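S.K.: 250 is the number that the UniProt record's numbering gives the last residue of the sequence shown; the numbers go up by one with no jumps. Cβ coordinates follow ideal geometry from the N, Cα and C atoms, glycine included. Please read these numbers as outputs of a predicted model, since none were measured by experiment. The following block contains the structure, expressed as structure tokens.
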Amino acid sequence: MGHAFITAGTKGLGRQVTEAFLKEGHAVSITYFRDFQRAQELVDLYPGASIEIIQADVCNKEDLTAAVKQAVQRYGTIDYVINNAGPFVFKRKKLIDHTEAEWNQMIRGNLDAVFHLLKLTIPSMREQRFGRIINYGFQSANTAAGWINRSAFSAAKVGLVSLTKSVAYEEAENGITVNMVCPGDIAGEMKEATIAESKQIADPHTPIGRSGTGEDIARAVMFFCDEDADMVTGTILDVNGGLDVIHQHR
């Protein structure tokens with residue numbers, strides 16, 4: 001079994017991803033920002049599993065460096081890097097109304113953090129000639145679409161689309177794949193919900209009739225991470241129940 005490093009993997013969209021790796025028997029290192037209690041609850045849910053929680057701010061290079069060092073010391077080479085963390089300004093506002101601090105948080109947390117983590121993990125992946133890197137975007141990010149009142153966040157994520165494709169090409173010869181999952185509008189409790197739970201709640205705004213869930217994202221991540229999925233790299237995958245067909249944001 002391998003070792004997955006998942007940022008912000010203790011709750012939200014990262015929760016189901018973490019559990020998917022654990023259920024397949026992988027060792028998992030997960031970062032959390034502030035909510036130690038939620039992180040510890042996840043550890044307690046899987047007694048005997050190879051799991052560790054590490055406090056880290058993904059906007060801080062030193063935190064990321066220390067987190068990777070701790071994970072490698074405990075479990076060895078990192079096989080899977082899941083860049084799940086991504087700061088977000090929840091209040092809708094135009095670019096001109098963003099503060100410099102908000103802009104920096106969006107760029108550092110959603111783009112710079114991936115740069116630092118790739119620098120920290122790709123060398124050992126090259127040595128073992130295997131690695132799976134998954135980044136997160138947003139619906140239709142592959143078209144470089146604008147996102148009204150989300151300009152700072154979308155700028156960082158669209159930049160990450162290009163980075164994903166570039167590194168996928170650069171590292172293909174080393175057995176490393178790099179892909180992106182783009183969730184649709186998965187909100188509230190649905191972030192940690194299962195597909196079965198979602199099917200019990202009608203969603204008239206989504207063509208398939210139900211909301212997306214954390215499990216939908218986990219299924220996509222686990223496909224990309226499969227050993228035999230090496231033919232799929234540089235792919236930007238929308239997971240939104242068909243909303244991207246008509247380029248509609250909820």
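Exposed or buried, what is LYS69 when buried is set at 16 or more other beta-carbons lying within 10 Å of its beta-carbon?
M.R.: For the purposes of this step, residue 69 is identified with residue 69 of the sequence shown, where counting begins at 1. A residue is called buried once 16 or more other Cβ atoms fall within 10 Å of its Cβ, and LYS69, having fewer, is exposed.
S.K.: For ILE134 versus PHE224, is the C-beta spacing smaller than 9 Å?
M.R.: If you number the sequence shown from 1, residue 134 lands on position 134. If you number the sequence shown from 1, residue 224 lands on position 224. Cβ atoms of ILE134 and PHE224: closer than 9 Å.
S.K.: Can you round the beta-carbon distance between TYR32 and ALA67 to whole angstroms, since I take them to be within the 8 Å contact cut?
M.R.: Within the sequence shown, numbered from 1, the residue matching residue 32 stands at position 32. Within the sequence shown, numbered from 1, the residue matching residue 67 stands at position 67. Not really, about 10 Å apart at Cβ, beyond 8 Å.
S.K.: Looking only at its chain, what residues have a beta carbon closer than 6 Å to the beta carbon of THR235, apart from the 5 residues adjacent to it on each side?
M.R.: Translated into positions along the sequence shown, residue 235 becomes position 235. Only ASN179 meet the Cβ criterion.
S.K.: Cutting at 8 Å between CB atoms, please list the residues of its own chain near PRO207, excluding the five before and the five after it.
M.R.: Your numbering for residue 207 matches position 207 in the sequence shown. So the list reads GLY241, GLY242, LEU243, VAL245, once near-sequence residues are dropped.
S.K.: Per the DSSP calculation, MET180 is bridged to which residue(s)?
M.R.: As a working mapping, residue 180 is identified with position 180 in the sequence shown. Answer by DSSP bridge pairing, in chain order: ASN135, ILE236.
S.K.: Give me the Cα-Cα distance between GLN139 and LEU237, rounded to the nearest whole angstrom.
M.R.: Walking along the sequence shown from the start, residue 139 turns up at place 139. Walking along the sequence shown from the start, residue 237 turns up at place 237. Looking at the two C-alpha atoms, the distance is approximately 9 Å.
S.K.: Return the chain-ordered ranges of every beta strand (DSSP E) run that is complete within the region 166–234 and spans a minimum of 3 residues.
M.R.: 176–183
S.K.: Mind checking whether GLY209 and PHE153 have CB atoms under 9 Å apart?
M.R.: The count along the sequence shown starts at 1 and reaches residue 209 at position 209. The count along the sequence shown starts at 1 and reaches residue 153 at position 153. Contact flag unset, no.
S.K.: ASN149: buried (16+ other C-beta within 10 angstroms of its C-beta) or exposed?
M.R.: Counted from its first residue, the sequence shown places residue 149 at position 149. The residue is exposed, with fewer than 16 neighbouring Cβ atoms inside 10 Å.
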